[in-house]
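By numbering that gives the first Met the number 0, the letter at position 218 of the sequence shown is numbered 217, and the numbering carries on one by one without gaps.
All C-beta atoms in this analysis are idealised placements derived from N, C-alpha and C, irrespective of residue type, glycine included.
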Amino acid sequence: MSKISVSIVIPVYNEEKILESAVKNLKKTLSEFSEDFDFELILAENGSSDNTLKKGEELSAKDPFVTIFHHPEPDYGLALQAGIRRAKGEIVVCDEIDLCLPEFYRDSLKIFKEGGAEMVVGSKRAKGAKDQRPFGRRFATFILNMMLKILLGLKGTDTHGVKAFVKAPLMPVMDKCLVGKDIFASEFVIRAERAGIKIAEVPVSLDEKRAPSINLIKRVPKVLSNLAYLFWNIRIKKD
0 MSKISVSIVI PVYNEEKILE SAVKNLKKTL SEFSEDFDFE LILAENGSSD NTLKKGEELS
60 AKDPFVTIFH HPEPDYGLAL QAGIRRAKGE IVVCDEIDLC LPEFYRDSLK IFKEGGAEMV
120 VGSKRAKGAK DQRPFGRRFA TFILNMMLKI LLGLKGTDTH GVKAFVKAPL MPVMDKCLVG
180 KDIFASEFVI RAERAGIKIA EVPVSLDEKR APSINLIKRV PKVLSNLAYL FWNIRIKKD
């Protein structure tokens, strides 16, 4: 029986200090699943001002598991989309460099192997999840989810964070997405719901290993403008 190919796409921005150790930890996590799955890691470096790109290129030169490309501007959503388009795997995992949760890989890969869903979302709000981030971060997630439900009709409990999907049926969904930055991840899940994609949620346990690289308050205007833009296009224009 042939192995299932999996591409892991991780946007990276100013991650020079932790990149090598994070890749090492991810490989250790994935070794548990090597009997049934083949993995590649795609690092989507986007606008870093440190040596993240150079460090990634050094890792790639030593290890065929790792590839890295440069996206010229710091934009999580656009970098993630570019990485997904480069993915060779049947399954794509969208992860973050300081997450790489073993239980998510275990649960989601089992679901895909059994044909139980086309997309799996790691939820910080699902029953059994443990969100141990600071109160401000948890409250921001709660408010965002409420706005997504009210404005865009989100049916699930979470959209932002680790997720995985079967590439073939989800590419037409991604092609319809209109925004980048942080809200791309939410738009992607909501459009998948609206397209009738079979989605499963798995609870994740999460703590904050370090402070966010971008201040939450500074994100608010762009998040609100993107939500308004999506409300107009998805709910009013029915795009």
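query	result
Endpoints, the alpha helix (DSSP H) within which Leu-58 is located	51-61
Contact set for Lys-221: own chain, Cβ-Cβ below 7 Å, skip 5 residues either direction	Lys-180
The ligand SAH heavy atom lying under 7 Å from the CB of Leu-223	Looking at this structure, you won't find the ligand SAH or any other ligand, since it has none at all.
Where the beta strand (DSSP E) containing Gly-121 begins and where it ends	118-122
Proximal residues to Ser-59 (C-beta, below 6 Å), its chain only, five neighbours per side dropped	Val-65, Thr-66, Ile-67
Residue span of the alpha helix (DSSP H) that contains Asp-106, given as start and end	101-112
Touch test, the region 102-114 against the region 172-188, Cβ-Cβ under 8 Å, three pairs minimum	no
Closest by C-alpha distance to Ser-1, when choosing among Val-22, Lys-112, Glu-14, Asp-157	Lys-112
Asp-130 and Leu-205 closer than 8 Å at C-beta	yes
Burial state of Ile-189 (16 or more Cβ within 10 Å)	buried
Meets three-Cβ-pair contact criterion under 8 Å: the region 38-56 and the region 12-29	yes
Asp-37, enclosing beta strand (DSSP E) - first and last residue	36-45
Alpha carbon of Ile-216 to alpha carbon of Ala-128, nearest angstrom	26 Å
Host alpha helix (DSSP H) of Thr-158 (start-end)	Per DSSP, Thr-158 belongs to no alpha helix (DSSP H) and is neither H nor E.
DSSP three-state assignment for Glu-186, whether helix, strand or coil	helix
Backbone secondary structure at Val-222 - three-state DSSP	helix
Check whether Val-92 and Ala-199 have beta carbons under 8 Å apart	no
Three CB pairs or more closer than 8 Å across the region 2-15 and the region 38-45	yes
For Pro-71 and Leu-46, the rounded distance between their alpha carbons	Sequence inspection shows Gly at residue 46; the Leu mentioned does not correspond to that position. In a straight line, the C-alpha of Gly-46 is about 5 Å away from that of Pro-71.
Host beta strand (DSSP E) of Ser-4 (start-end)	3-11
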